[in-house]
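Visitor: Taken in order, these protein sequences are the chains called A and B.
First residue of the first sequence? That's 1 in the numbering used here, and the numbers climb one at a time after it.
First residue of the second sequence? That's 1 in the numbering used here, and the numbers climb one at a time after it.
Glycine included, every Cβ here is placed at the ideal spot set by N, Cα and C.
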Amino acid sequence: MATLKPMPAATKISAPFWQALKENKLKIQQCNSCDGWIFFPRNHCSHCLAHDLDWKQVNGDGILYSYTLARIPTMPEFSDEMPQALAVVELAQGVRINTTLIDVAEEDIKIGMAVKPVFDKVTSDGETLLRFTAVNNAGGVSDYVDPLEGLERNESGQVQVPVSNLAALYALADNKFTGWSNTVVVDQELINAFAELSGDDYWLHTDPERAKVESPFKTTIAHGSLVQVLQSRLTIGLPFEITGFKTMVNYGSNRLRFPAPVPASSTIHGRSKVKDISMSHKGVQLTLEMNIHVLGNDKPSVINDLVILYR
Amino acid sequence: MGLAGNAAIVGAAQYKPEKYQTAPQMFHLEQVADLAHKALLDAGLHKDDLDGLVINGPQFHEASVFVPAMAAEYLGIEVNFAEVVDLGGCTAVAQVWRAAAAIEMGLCQAVLCVIPARMAPLAPDEDPAWMAQAMRYGGHSTAFGAPEAEFDLPYGHMGQNTGYAMIAQRYAAQYGYDQAAMAKIAVDQRFNAQYHKDAIFRGKELTIEEVLASRMVADPLHVLEIVMPVAGGAAVIVASKELAARAKKRPAFVTGFGERLSFKSPTYANEMTVTPVAEAAKRAFAMAGLTPQDINAAQIYDCYTITVLLSLEDAGFVPKGEGQRFIKEHNLTWKGDFPLNTHGGQLSFGQAASAGGFSQVIEAFDQISNSAEGRQLEGCDNVFVSGTGGVMSEQGALILQGG
Numbered sequence: 001m002a003t004l005k006p007m008p009a010a011t012k013i014s015a016p017f018w019q020a021l022k023e024n025k026l027k028i029q030q031c032n033s034c035d036g037w038i039f040f041p042r043n044h045c046s047h048c049l050a051h052d053l054d055w056k057q058v059n060g061d062g063i064l065y066s067y068t069l070a071r072i073p074t075m076p077e078f079s080d081e082m083p084q085a086l087a088v089v090e091l092a093q094g095v096r097i098n099t100t101l102i103d104v105a106e107e108d109i110k111i112g113m114a115v116k117p118v119f120d121k122v123t124s125d126g127e128t129l130l131r132f133t134a135v136n137n138a139g140g141v142s143d144y145v146d147p148l149e150g151l152e153r154n155e156s157g158q159v160q161v162p163v164s165n166l167a168a169l170y171a172l173a174d175n176k177f178t179g180w181s182n183t184v185v186v187d188q189e190l191i192n193a194f195a196e197l198s199g200d201d202y203w204l205h206t207d208p209e210r211a212k213v214e215s216p217f218k219t220t221i222a223h224g225s226l227v228q229v230l231q232s233r234l235t236i237g238l239p240f241e242i243t244g245f246k247t248m249v250n251y252g253s254n255r256l257r258f259p260a261p262v263p264a265s266s267t268i269h270g271r272s273k274v275k276d277i278s279m280s281h282k283g284v285q286l287t288l289e290m291n292i293h294v295l296g297n298d299k300p301s302v303i304n305d306l307v308i309l310y311r
Numbered sequence: 001m002g003l004a005g006n007a008a009i010v011g012a013a014q015y016k017p018e019k020y021q022t023a024p025q026m027f028h029l030e031q032v033a034d035l036a037h038k039a040l041l042d043a044g045l046h047k048d049d050l051d052g053l054v055i056n057g058p059q060f061h062e063a064s065v066f067v068p069a070m071a072a073e074y075l076g077i078e079v080n081f082a083e084v085v086d087l088g089g090c091t092a093v094a095q096v097w098r099a100a101a102a103i104e105m106g107l108c109q110a111v112l113c114v115i116p117a118r119m120a121p122l123a124p125d126e127d128p129a130w131m132a133q134a135m136r137y138g139g140h141s142t143a144f145g146a147p148e149a150e151f152d153l154p155y156g157h158m159g160q161n162t163g164y165a166m167i168a169q170r171y172a173a174q175y176g177y178d179q180a181a182m183a184k185i186a187v188d189q190r191f192n193a194q195y196h197k198d199a200i201f202r203g204k205e206l207t208i209e210e211v212l213a214s215r216m217v218a219d220p221l222h223v224l225e226i227v228m229p230v231a232g233g234a235a236v237i238v239a240s241k242e243l244a245a246r247a248k249k250r251p252a253f254v255t256g257f258g259e260r261l262s263f264k265s266p267t268y269a270n271e272m273t274v275t276p277v278a279e280a281a282k283r284a285f286a287m288a289g290l291t292p293q294d295i296n297a298a299q300i301y302d303c304y305t306i307t308v309l310l311s312l313e314d315a316g317f318v319p320k321g322e323g324q325r326f327i328k329e330h331n332l333t334w335k336g337d338f339p340l341n342t343h344g345g346q347l348s349f350g351q352a353a354s355a356g357g358f359s360q361v362i363e364a365f366d367q368i369s370n371s372a373e374g375r376q377l378e379g380c381d382n383v384f385v386s387g388t389g390g391v392m393s394e395q396g397a398l399i400l401q402g403g
């Protein structure tokens, strides 16, 4: 799924750190040569440069070295955390870590206070960030909360996602296809009507006799752009409905491909998935990948990344 | 070891700070040539005198590699010394000492130090949103394998504001925090800006109450304690003593410098509230044979009020922990007993990206060369200049002295 916030991309060097967090453990590196502790993960010791580091599990006890309460989001995607309690924690081993404090009231935050780790599950597949809380709080594991959970549904069962709920919007971008739509038959009559309307009367589309002999498909095929617009005849059940916007703009397409032909008289159907959600000064941009297939063909005849702007 | 004081700033040019939306758009190469022309006129020198070039590398619009070659070719000069500096807000100070060092080594006689910072015209199919997108993460890298991309961004640590705010919070915990004293830095500098014709906040006076009532961005920093980005750009000419003798204005000799880079994120500093300028200033003063007491004006890099406080302390103008008392006890305006950022500082003059650091360098030159019209200090011979890049990550110090 697309995440609202930037996510760490683990490297070969750092993977043990992130894997440990997933398992609700904190591991940092210690140098076998000079006994120095280091953070962030490296392949060498930043005290003596030796390439002789081992991962050691630590309990995560530390003190608050410094913090600030950001009153303006450092990025719009963090607007659900206001004020952001950005913190630097110094572990008992002396290393410092950039993090955030959770479950500590503003007036209780004091530099030098004792803190302990919270393993915060931020995605449904268990990706974990290391946050900290006051030492007398529960700490431990903070479970993943599905941002779509608890949202209302309309009579068709679509979850109602307010355009202002960024976390829920991002959760929509799960790259999972909907079920198939109804079917539509693309017969020669429809193809001819489109040829007349568009002016594209190339024989490959309109001359069944010649196509029988000369076409690699042994028959006429529908115009790619015809199949593209037939999307309007396909009812695709999206599992959500975006609400609370002022305007919705069809902004065009990021990608339009016609990978497989649609021979005359084929039956087509379609499905879609939310490929991406992004924010820009223009508003919330939803990229809906629309695929149209000939019934039974795994290869799509149309791939169309539709871009819809909400504001 | 160090400089003998045989190189000087002899000329300068600086675009009036303007809002990005209304500033002229020029290719960076054009700006380089324009600023070079103006700075040479200011110096009374000729293009053929130039035989050195120091330029910013990052954010140069027309190239990301081979920037000096492209710029020298565009100018129509050949140089014996070509250098790129990538030190953020410390770049201007760093350019000047590199130029002076190259001149003293005999590599060259006149060096153009330049940072263009107006926007370039958009390409016909360019999306004007690119800049907002590019600035989204501030100075934070998003590259795979960049530690800050992996360990800062997921938590919302990004940009400059919150890093400086955390330094200020730790200072507060260690030494106490007087919001009014911090606001006074911005207020006294705003007073100075009223006397500089190009200052972006000229005509808008400011009170301590207004600073404290302004929006809190990240505790304890109010929006009026944070620099405003503007379009601009600047250049200086650094020349040998022999060429300086031909210059129109009184030269500002570079008699001391220091540079210190300590970290990228202050999280990994040995101690967040001891800033790199401590080491840089110590070296600069020792090289010049001066002490902070000998200084007639301090042009201290001021991206935030906290930067000024820590720089004053760590550069040795006031003992650690006593900066706020010092600020309250002294008049920091150009009319006062401790002239600080006599052009208004970047807080009130405007911060033209990394060229903002030149505003301090050029104000020092203006004061020494008796060109600070309307705000001229009397008998200004010795000026301290600092530069700061990143989040207090890299700092430089210059001692400039009238010849």
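Could you check if A:G60 is buried or exposed, using at least 16 other CB atoms within 10 Å of its CB as the buried criterion?
Guide: Residue numbering aside, residue 60 of chain A sits at position 60 when the first sequence is read from its first letter. Buried, because 16 or more other Cβ atoms sit within 10 Å of the Cβ of A:G60.
Visitor: State yes or no: is the C-beta of B:E148 within less than 8 angstroms of the C-beta of B:S141?
Guide: Within the second sequence, numbered from 1, the residue matching residue 148 of chain B stands at position 148. Within the second sequence, numbered from 1, the residue matching residue 141 of chain B stands at position 141. Yes, the pair counts as a contact, with Cβ atoms nearer than the cut-off.
Visitor: Can a CB atom of chain A be found closer than 8 angstroms to the CB of B:G487?
Guide: As shown, chain B starts at 1 and ends at 403. That puts residue 487 of chain B outside it, with no answer to give.
Visitor: Judging by CA-CA distance, which residue of B:E329, B:L221, B:A36 and B:A102 is the nearest neighbour of A:T68?
Guide: As a position in the first sequence, residue 68 of chain A is number 68, starting the count at 1. That would be B:L221, whose Cα lies nearest to the Cα of A:T68.
Visitor: Below 8 angstroms between beta carbons is the criterion; list the residues of the stretch 16-32 of chain B that meet it against any residue of chain A, in chain order.
Guide: Within the stretch 16-32 of chain B, no residue qualifies.
Visitor: Starting from the C-beta of B:F257, find all residues in its chain whose C-beta is less than 6 angstroms away, skip the five residues before and the five after it, and write them out in chain order.
Guide: Counting from one through the second sequence, the residue named residue 257 of chain B turns up at place 257. The residues are W97, A284 and L398.
Visitor: Given that B:R136 touches chain A, what residues does it touch there, using C-beta distances under 9 angstroms?
Guide: Looking up residue 136 of chain B in the second sequence gives position 136. Under the 9 angstroms cutoff, chain A gives M75.
Visitor: Exposed or buried, what is A:F217 when buried is set at 16 or more other beta-carbons lying within 10 Å of its beta-carbon?
Guide: For this step, residue 217 of chain A is matched to residue 217 along the first sequence. Exposed.
Visitor: So what's B:Q109 in DSSP terms, helix, strand or just coil?
Guide: Here residue 109 of chain B is taken as the residue at index 109 of the second sequence, counted from 1. The answer is coil: DSSP assigns B:Q109 none of H, G, I, E or B.
Visitor: Under the assumption that B:V84 contacts B:G52 (Cβ atoms under 8 angstroms), give the Cβ distance between them as a whole number of angstroms.
Guide: As a working note, residue 84 of chain B is residue 84 in the second sequence. As a working note, residue 52 of chain B is residue 52 in the second sequence. At roughly 13 angstroms, the Cβ-Cβ gap does not stay under 8 angstroms, so B:V84 and B:G52 are not in contact.
Visitor: State yes or no: is the C-beta of B:A235 within less than 8 angstroms of the C-beta of B:A364?
Guide: Residue mapping note: residue 235 of chain B aligns to position 235 of the second sequence, counting from 1. Residue mapping note: residue 364 of chain B aligns to position 364 of the second sequence, counting from 1. Their beta carbons are not under 8 angstroms apart, which means B:A235 does not touch B:A364 by this criterion.
Visitor: Assign B:V187 to buried or exposed, taking buried as 16 or more other Cβ atoms, counted over all protein chains shown, within 10 Å of its Cβ.
Guide: For the purposes of this step, residue 187 of chain B is identified with residue 187 of the second sequence, where counting begins at 1. Under this definition B:V187 is a buried residue.
Visitor: Mind pulling the chain B residues with CB within less than 9 angstroms of A:P8?
Guide: Taking the first sequence and counting its residues from 1, the one referred to as residue 8 of chain A is at position 8. Those within 9 angstroms of A:P8 in chain B are A149, E150, F151, L153 and P154.
Visitor: Counting beta carbon pairs with one atom in the stretch 164-173 of chain A and one in the stretch 139-148 of chain A, are three or more of them shorter than 8 angstroms?
Guide: Because the criterion of three Cβ pairs below 8 angstroms is met, the stretch 139-148 of chain A and the stretch 164-173 of chain A touch.
Visitor: Are the C-beta of B:D219 and some C-beta of chain A separated by less than 8 angstroms?
Guide: Reading the second sequence from its first residue, position 219 is the one you call residue 219 of chain B. True, the Cβ-Cβ gap to chain A drops below 8 angstroms.
Visitor: Cβ closer than 8 angstroms: which chain A residues qualify as neighbours of B:M105?
Guide: Locating residue 105 of chain B in the second sequence gives position 105, counting from the first residue. Going along chain A, no residue has its Cβ under 8 angstroms from B:M105, so there is no contact; the nearest lies around 31 angstroms.
Visitor: Can you confirm whether the stretch 262-269 of chain A touches the stretch 215-231 of chain A when touching is taken to mean that 3 or more C-beta pairs between the two stretches lie within less than 8 angstroms?
Guide: The stretch 215-231 of chain A, when compared against the stretch 262-269 of chain A, does touch it at the 8 angstroms Cβ threshold.
Visitor: Nearest to B:Q21 by CA position, among B:A63, B:A72 and B:A120, is which residue?
Guide: On the second sequence, position 21 is the one that residue 21 of chain B refers to. Answer by Cα proximity: B:A120.
Visitor: Determine the closest residue to A:W37 out of A:A114, A:L26, A:L53 and A:E23, with distance taken between C-alpha atoms.
Guide: What you label residue 37 of chain A is simply residue 37 of the first sequence in a count that begins at 1. The option with the nearest alpha carbon to A:W37 is A:L53.
Visitor: According to the neighbour-count rule (16 or more other Cβ atoms, all chains shown, within 10 Å of its Cβ), is A:G244 buried or exposed?
Guide: Within the first sequence, residue 244 of chain A is the residue found at index 244, counting from 1. Result: exposed.
Visitor: Can you pull the chain B residues whose beta carbon is under 8 angstroms from the beta carbon of A:T99, in chain order?
Guide: Numbered from 1 along the first sequence, position 99 holds the residue referred to as residue 99 of chain A. Simply Y155.
Visitor: For the candidate residues B:L212, B:G89 and B:I167, whose alpha-carbon lies nearest to that of B:I300?
Guide: Working through the second sequence from its first residue, we reach residue 300 of chain B at position 300. Among B:L212, B:G89 and B:I167, the Cα nearest to that of B:I300 is on B:G89.
Visitor: Kindly indicate which residue of B:D127, B:L122, B:G145 and B:P154 has the alpha-carbon position closest to the one of B:Y137.
Guide: Within the second sequence, numbered from 1, the residue matching residue 137 of chain B stands at position 137. For B:Y137, the nearest C-alpha among the options comes from B:P154.
Visitor: Report back the beta-carbon spacing between B:S359 and B:Q367 to the nearest angstrom; my notes put them in contact at under 8 angstroms.
Guide: Along the second sequence, one-based indexing puts residue 359 of chain B at 359. Along the second sequence, one-based indexing puts residue 367 of chain B at 367. The pair is not a contact, with the Cβ atoms about 13 angstroms apart (cut-off 8 angstroms).
Visitor: Could you tell me which chain B residues have their CB closer than 9 angstroms to the CB of A:K369, listed as they occur along the chain?
Guide: Past the edges of chain A, shown from 1 to 311, lies residue 369 of chain A, and the structure says nothing about it.
Visitor: Who are the neighbours of A:A312 on chain B, taking C-beta pairs under 9 angstroms?
Guide: Outside the shown range of chain A, which is 1 to 311, sits residue 312 of chain A, and nothing can be said about it.
Visitor: With DSSP as the reference, identify every bridge partner of A:C31, one or two as the case may be.
Guide: The residue you call residue 31 of chain A lines up with position 31 of the first sequence. In the DSSP output, where bridge partners are listed per residue, A:C31 has A:L53.
Visitor: CB A:I102 to CB A:L64, shorter than 8 angstroms?
Guide: Locating residue 102 of chain A in the first sequence gives position 102, counting from the first residue. Locating residue 64 of chain A in the first sequence gives position 64, counting from the first residue. Not in contact: A:I102 and A:L64 (Cβ atoms no closer than 8 angstroms).
Visitor: Mind checking if A:R255 is an interface residue toward chain B, Cβ cutoff 8 angstroms exclusive?
Guide: Here residue 255 of chain A corresponds to residue number 255 of the first sequence, with the count starting at 1. With 8 angstroms as the cut-off, A:R255 does not count as an interface residue toward chain B.
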